[in-house]
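What follows is the structure in structure tokens.
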């Protein structure tokens, strides 16, 4: 599939298959046409037309809008249209987390095609043989991508936590990392993609961090989400990204970003400019 193929695989959606989901004239999501039809059962809240789904009679208070959405989500879960509730709340926003209009359960965001945010940390070591990266293997019990390779630390970004707070939490849970070490992570970039998935549309933003670690550092998973960790030469990581499907799909984007920034993918790469631009897809 190659590097460009990985980026394209994360950006597979046809706007004609979706209807904008609006609140007070602002698009806050994109519903698959089949999903949009399911909202007709709540005519007091949603006006479904051929061109859009409008959230009508929405409460003026963000907390009340959150409660209304939660009631709808609970019913969609009960009917098997959403698999489960995750228990983490994400901001409902047309742009940034700070401009949240209300909150929704993390697992329900794709059904409504709502923007989601996450954090991915590249943990690496400089050795006498060159850069090596700490790579985790996801637990076989994970709901999504069981057994696939993943970053040292990666996770969603709940609405109630700041980026720094959430990164410390994820570092502790996924790698047994002390806060003083997690605080040394450097925010380096953000990548975005928009993917049509079985759960709905995923217009996602991932904040990227680099953390240079000492050779004696050994990660320890404390939340059961990772089966094991391996320290892999960066050239082997490059080959895995380019030539295999070993990594959880969106991790490839963050790794390609790392490989570009650290000079392992250079302008001599045939699709270099398309790779650079493709890592930051324009979100609906």
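Residue numbers (full-length UniProt numbering): 1 to 284. Just so you know, even glycine gets a beta-carbon here, dropped at the ideal spot from N, CA and C.
| Query | Result |
| --- | --- |
| Would you call the segment 18-35 and the segment 87-104 in contact, with 3 or more CB pairs under 8 Å? | yes |
| In angstroms with no decimal places, state the Cα-to-Cα distance between residue 139 and residue 198. | 21 Å |
| How far does the alpha helix (DSSP H) with residue 75 in it extend, from its first residue to its last? | 62-78 |
| According to DSSP, is residue 156 helix, strand or coil? | strand |
| Does the structure place the segment 207-226 close enough to the segment 115-129 that three or more beta carbon pairs sit under 8 Å? | yes |
| How is residue 142 classed by DSSP in three states: helix, strand or coil? | coil |
| In terms of DSSP beta bridges, what is residue 33 paired with? | Per DSSP, none; premise fails for residue 33. |
| With a threshold of 16 other CB atoms inside 10 Å of the CB of residue 252, please say whether the residue is buried or exposed. | buried |
| Only counting the same chain, and skipping five residues up and downstream in sequence, which positions put a Cβ closer than 8 Å to that of residue 205? | 115, 116, 117, 118, 190, 191, 192, 283 |
| Need the endpoints of the alpha helix (DSSP H) that residue 3 sits in, please. | 2-9 |
| Hey, how far is the Cα of residue 172 from the Cα of residue 156? | 14 Å |
| Where residue 273 and residue 233 are concerned, what is the direct C-alpha to C-alpha distance, given to the nearest angstrom? | 25 Å |
| Look at residue 89 and residue 159 and say whether their C-beta atoms are less than 8 Å apart. | yes |
| Indicate the three-state DSSP secondary structure (helix, strand or coil) for residue 228 in the structure shown. | strand |
| What are the boundary residues of the beta strand (DSSP E) that residue 81 is part of? | Residue 81 -> no beta strand (DSSP E), and no H or E assigned at all. |
| In this structure, how does DSSP classify residue 94 when only helix, strand and coil are distinguished? | coil |
| So what's residue 188 in DSSP terms, helix, strand or just coil? | strand |
| Answer yes if the segment 265-272 comes into contact with the segment 12-19, meaning at least three C-beta pairs across the two stretches below 8 Å, and no otherwise. | no |
| Residue 255 and residue 18 look like a contact to me (Cβ under 8 Å); what is the Cβ gap, rounded to whole Å? | In fact, because the Cβ distance is near 28 Å, the residues do not count as touching under 8 Å. |
| Is it buried or exposed for residue 110, if we count other Cβ within 10 angstroms and need 16 for buried? | buried |
| Can you tell me the Cβ-Cβ gap for residue 174 and residue 225, rounded? I've got them flagged as a contact below 8 Å. | 6 Å |
| Using three-state DSSP, classify residue 88 as helix, strand or coil. | coil |
| In angstroms, rounded to a whole number, what distance separates the CA positions of residue 243 and residue 149? | 14 Å |
| Under three-state DSSP, which class holds residue 200? | strand |
| Check this for me: beta carbons of residue 22 and residue 54, under 8 Å apart or not? | yes |
| Span of the beta strand (DSSP E) holding residue 47? | 46-48 |
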